[in-house]
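Enquirer: Mind having a look at this structure? Questions to follow.
Number of protein chains: 2
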Amino acid sequence: MDLNERKLRILQAIIHDFIITGEPIGSRTLSKKFDMGISPATIRNEMADLEEMGFLTHPHTSAGRIPSDKGYRLYVNHLMQKYELPEKEKQIIASKLTSDFNELEQTIEKAAGLLSEITNLTSFALTPQQDEDVLKYINILPVDERTVVLMIVAESGKVSNTALRISVPYSEENLAILSKTLTYNYRGKTISQVLTSDIIKNFETDIEAMSRLAENIMPNFMKTLENMLNVDLYMAGQTNIFSIPEFNDIDKAKMFLEMLSKKDDLTRTLVNRDDGVIITIGDENSEEILPDCSLITATYHIDGKLVGKIGVIGPTRMKYDEITSVVEFVTEKLNSTFKLPEGKE
Amino acid sequence: MDLNERKLRILQAIIHDFIITGEPIGSRTLSKKFDMGISPATIRNEMADLEEMGFLTHPHTSAGRIPSDKGYRLYVNHLMQKYELPEKEKQIIASKLTSDFNELEQTIEKAAGLLSEITNLTSFALTPQQDEDVLKYINILPVDERTVVLMIVAESGKVSNTALRISVPYSEENLAILSKTLTYNYRGKTISQVLTSDIIKNFETDIEAMSRLAENIMPNFMKTLENMLNVDLYMAGQTNIFSIPEFNDIDKAKMFLEMLSKKDDLTRTLVNRDDGVIITIGDENSEEILPDCSLITATYHIDGKLVGKIGVIGPTRMKYDEITSVVEFVTEKLNSTFKLPEGKE
DNA sequence: AGTTAGCACTCACGGATAACGAGTGCTAAC
DNA sequence: GTTAGCACTCGTTATCCGTGAGTGCTAACT
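One line per chain: the protein sequences are S and P, in this order. Numbering of the first sequence is given in our numbering, commencing with residue 1 and proceeding in unit increments. Numbering of the second sequence is given in our numbering, commencing with residue 1001 and proceeding in unit increments.
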């Protein structure tokens, strides 16, 4: 039994219709709606074949057919045609996404908001992973007798700081020395290199006062570094789920929202995705993702280097063509926003 | 018609029962359950009176009575007895809330998580308002040819920073001068004072290079200051709503979650609340809060100075006594965590 | 041989009806 | 003032049944 042209046309029609209506569709209705020059009976036979091949299912005996995950996959890979975003929409996105380079995080958050607004799905965005980011310098500044600020600056311009109380008195001079020493030791190393290095664990100096100071500061130094490594997850449009008929059921909605609330799981899932525009459908997803959800993600780049992720999550029944285009376009815009105007770093 | 002792006892019994079961309760069931020495008929009469006075309602003619918001108010003010948290629970809270002074934000977030876990409601916490916080110093540090880090440190130890790209070349010396000038101008002023001052808008120097530098930096200086003023809202247990029968209805749950997603509104509502442990019931709340929700909040202090808020939101039917105690205790623990061990600042 | 008409069958959905039970208010007796 | 008795209300649940969109199968048609 082969997947001839007619079968593909029928499959496409079913998916097309189902994506819009959300209702199972039967042979008779399909032939009326799409006028494909063959009788319902013929369609019925083809449908039965498509089902046998795993591209369709039906919720119960006397209902119409709906696409299976495998059906969607075929559609996304071969049947779906590229959707060109209307110029108007492009302009809206572009205008809402202008910002300057400094507002990296706000821009990413804004992009997530935009994405959920346009797609009516739940969107998310990950800030870039900083694994490869290299330390520039470390600075410890006095605040008052018992408080100092530890500040770590990376090549990328990312800054992380903590105010910390210390239990021993300090002199500004000692702070300066410690800052210099730390900078000297770690400048040019990546964050993860520093974190796994031994030196950091047994940082020693021969000056008594200094070593006491270091004792106070080093644990926080590590924490602050770890903070720099963490990616942040932004989300928007969580409640959009309620406007989707399939999830208009208390249990489904609950499960969906509970899935979203497990930010760690979600972050991990997203971090592990491949680069580029990736679509995963239903059970292709990892276990953390609800069974009948699909994920569309893309990677954006900062200054050509660092990468973050952005995308949407929704029911397997979604307008893959349109949504892919939106995600693609937003990513494109992000890339150009985060591109350095001149030269390289 | 007066609110005699017997009426109060009946009201208390009704509220007590309703808080537990969530079902309207009738005269017969009440008399059986509580064995108060009077017949259902008598209870019925008293109930009718209580309803006339506005403390009870019934959802429909042939249903039992349920407390009205006014009824809950009476209960909370006069009938409710203090609930003593079991020692075990106290220990759990205490042990989970230990942390050092530096981890202010994490601790607050943790407290919110704890609150939702124990109460099975949605909890939230506001970071301290920084209005009265006073600037300590401003530092501008070089990163690379086109990037500097602007860093503002407040008396409280709070630090805010932004990495910013500037369009003109700079010398480290100029940065240092600008830092010093800014610090000199604004040290000792509160953030809001600085933000509303004129100086900031037309910062001028006679040195050409400096003024160009300042032009680049000042707008970001203001933004960074504004960031320092913003309070952050943490939330936890949003999906707990699904386990509450009254909200086990798609529309209700949706409205609740949509209310929570309007963070700005929520933050405003919380910021505007009075100090101390405050309970507001149903329509006593501002419009942003769903009609049949109650709010219990408390203020925690950092180092003795008044500041942040923490609390829970749930259906008007909640265990006011227990939950108030939990909120109170968590607040207490936060206070002692955030108390400086010695002396004053 | 592929296509189609016809037909018996399936099954979710919606409306109608009825029994049930927890409740009420009222009246009259205690 | 309290209580027993009673008629009445009304949401809940179960049952039944007609409807209609669907199916698979078979036999006739091109």
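Each residue gets a CB set at the ideal place from its N, CA and C atoms; glycine is no exception.
Would you kindly work out how many angstroms separate the C-alpha atoms of Lys-365 of chain S and Ser-39 of chain S, rounded to a whole number?
Expert: As shown, chain S starts at 1 and ends at 345. That puts residue 365 of chain S outside it, with no answer to give.
Enquirer: Less than 8 Å separating the beta-carbons of Met-36 of chain S and Ala-13 of chain S?
Expert: Contact: yes.
Enquirer: With a threshold of 16 other CB atoms inside 10 Å of the CB of Leu-1150 of chain P, please say whether the residue is buried or exposed.
Expert: Burial call: buried.
Enquirer: Is DSSP giving Ala-176 of chain S helix, strand or coil here?
Expert: Looking at Ala-176 of chain S - three-state DSSP - the assignment turns out to be helix.
Enquirer: Output the boundary residues of the alpha helix (DSSP H) element that contains Asn-227 of chain S.
Expert: 208-229 is the span of the alpha helix (DSSP H), which, as asked, contains Asn-227 of chain S.
Enquirer: Could you give the distance in angstroms between the alpha-carbon of Asp-232 of chain S and the alpha-carbon of Val-148 of chain S?
Expert: The straight-line gap from Cα to Cα measures roughly 26 Å.
Enquirer: How would you label His-1078 of chain P, buried or exposed, when you count the other beta carbons within 10 angstroms and need 16 or more for buried?
Expert: So His-1078 of chain P ends up on the exposed side.
Enquirer: Assign Val-1326 of chain P to buried or exposed, taking buried as 16 or more other Cβ atoms, counted over all protein chains shown, within 10 Å of its Cβ.
Expert: It is buried - the Cβ of Val-1326 of chain P has at least 16 other Cβ atoms within 10 Å.
Enquirer: Using the beta-carbon of each residue, which ones in chain S are nearer than 9 Å to Lys-1136 of chain P?
Expert: Within 9 Å Cβ-Cβ: Val-143, Asp-144.
Enquirer: Who does Asn-1045 of chain P pair with in a DSSP beta bridge?
Expert: None, per the DSSP bridge assignment.
Enquirer: Are there 16 or more other CB atoms within 10 angstroms of the CB of Gln-130 of chain S, so buried, or fewer, so exposed?
Expert: With 16 or more Cβ atoms within 10 Å of its Cβ, Gln-130 of chain S is classed as buried.
Enquirer: Quick check on the DSSP output: the alpha helix (DSSP H) that includes Asn-1139 of chain P runs from which residue to which?
Expert: Where Asn-1139 of chain P is concerned, there is no enclosing alpha helix (DSSP H), although the beta strand (DSSP E) it sits in stretches over 1135-1144.
Enquirer: For Met-36 of chain S, name the three-state secondary structure that DSSP assigns.
Expert: Three-state result, Met-36 of chain S: coil.
Enquirer: In the DSSP assignment, find the alpha helix (DSSP H) that holds Arg-1006 of chain P and state where it starts and stops.
Expert: Where Arg-1006 of chain P is concerned, the enclosing alpha helix (DSSP H) stretches over 1005-1021.
Enquirer: Excluding the 5 residues preceding and the 5 following Lys-1262 of chain P in the sequence, name in chain order all residues of the same chain whose CB lies nearer than 8 Å to its CB.
Expert: For Lys-1262 of chain P, where only same-chain residues beyond five positions count, the Cβ hits under 8 Å are Glu-1288.
Enquirer: For a test of the three-state rule: what should DSSP assign to Lys-1305 of chain P, helix, strand or coil?
Expert: Lys-1305 of chain P falls in the strand class under three-state DSSP.
Enquirer: How would you list, in chain order, the residues of chain P whose beta-carbon sits under 9 Å from the beta-carbon of Leu-121 of chain S?
Expert: Residues of chain P passing the Cβ test: none, with the nearest at roughly 15 Å.
Enquirer: Just to check my reading of the structure: Thr-224 of chain S and Ser-160 of chain S have Cβ atoms closer than 8 Å, yes? What is that Cβ distance to the nearest angstrom?
Expert: Right, their Cβ atoms sit about 5 Å apart.
Enquirer: Are three or more beta carbon pairs between the segment 1107-1115 of chain P and the segment 1281-1295 of chain P nearer than 8 Å?
Expert: Judged by Cβ distances under 8 Å, the segment 1107-1115 of chain P makes no contact with the segment 1281-1295 of chain P, as fewer than three pairs qualify.
Enquirer: Which residues in chain S have a C-beta closer than 7 Å to the C-beta of Gly-1157 of chain P? List them in chain order.
Expert: The answer, in chain order, is Val-143, Thr-147, Ala-163.
Enquirer: Can you name, in chain order, every residue of its own chain whose Cβ lies under 8 Å from the Cβ of Asn-1216 of chain P, other than the five neighbours on each side?
Expert: If we look at Asn-1216 of chain P and ignore the five residues flanking it on each side, its Cβ neighbours are Leu-1164, Ile-1166, Ser-1167, Val-1168.
Enquirer: Chain P partners of Gln-238 of chain S, CB-CB under 9 Å?
Expert: Residues of chain P passing the Cβ test: Gln-1238, Leu-1257, Ser-1261.
Enquirer: Show which residues of chain P have a CB atom less than 9 Å away from the CB atom of Phe-242 of chain S.
Expert: Correct list: Ile-1250, Asp-1251, Ala-1253, Lys-1254, Leu-1257, Glu-1258.
Enquirer: Which residues in the same chain have their Cβ closer than 6 Å to the Cβ of Leu-260 of chain S, if we skip the five residues on either side of it in sequence?
Expert: Excluding sequence neighbours, Leu-260 of chain S sits near Gln-238.
Enquirer: If we define contact as Cβ-Cβ less than 8 Å, is Met-318 of chain S a contact residue for chain P?
Expert: No, its Cβ sits nowhere closer than 8 Å to a Cβ of chain P.
Enquirer: Residues in the segment 52-81 of chain S with C-beta within 9 Å of chain P's C-beta atoms, listed in sequence order?
Expert: Of all residues in the segment 52-81 of chain S, none has a Cβ within less than 9 Å of some Cβ in chain P.
Enquirer: Is the segment 1298-1314 of chain P touching the segment 1074-1092 of chain P in the sense that three or more CB pairs, one from each, lie closer than 8 Å?
Expert: Too few Cβ pairs lie closer than 8 Å, so no.
Enquirer: With a 10 Å radius around its C-beta and 16 neighbouring C-beta atoms as the bar for buried, classify Leu-1306 of chain P as buried or exposed.
Expert: Burial call: exposed.
Enquirer: Out of S:Cys-293, S:Ile-302, S:Ala-154, S:Leu-104, point me to the one whose CA is closest to Ser-123 of chain S's CA.
Expert: Residue S:Cys-293 is the option with its Cα nearest to Ser-123 of chain S.
Enquirer: What is the residue span of the alpha helix (DSSP H) that Tyr-1320 of chain P lies within?
Expert: Looking at the DSSP string, the run of the alpha helix (DSSP H) that includes Tyr-1320 of chain P is 1320-1337.
Enquirer: Quick one: which unbroken beta strand (DSSP E) runs of 3-plus residues sit fully inside the segment 1230-1256 of chain P? Chain order, please.
Expert: Runs found: 1233-1236.
Enquirer: By the three-class DSSP mapping on this structure, what secondary structure does Lys-1344 of chain P have?
Expert: Note on Lys-1344 of chain P: pLDDT 41, under 50, position unreliable in the model; the coordinate value appears next. Note: Lys-1344 of chain P maps to coil in three-state DSSP.
Enquirer: Identify the contact partners of Met-151 of chain S in chain P, using a Cβ-Cβ distance below 7 Å as the criterion.
Expert: Those within 7 Å of Met-151 of chain S in chain P are Met-1151.
Enquirer: Going by DSSP in three states, Ser-192 of chain S sits in which element: helix, strand or coil?
Expert: Ser-192 of chain S falls in the helix class under three-state DSSP.
Enquirer: Would you grab the beta carbon distance between Leu-213 of chain S and Asn-174 of chain S for me? Rounded to a whole angstrom, and I think it's under 8 Å.
Expert: Contact flag correct, Cβ pair sits at about 6 Å.
Enquirer: Consult DSSP for Asn-1161 of chain P and reduce its assignment to one of helix, strand or coil.
Expert: Residue state, collapsed to three classes: strand.
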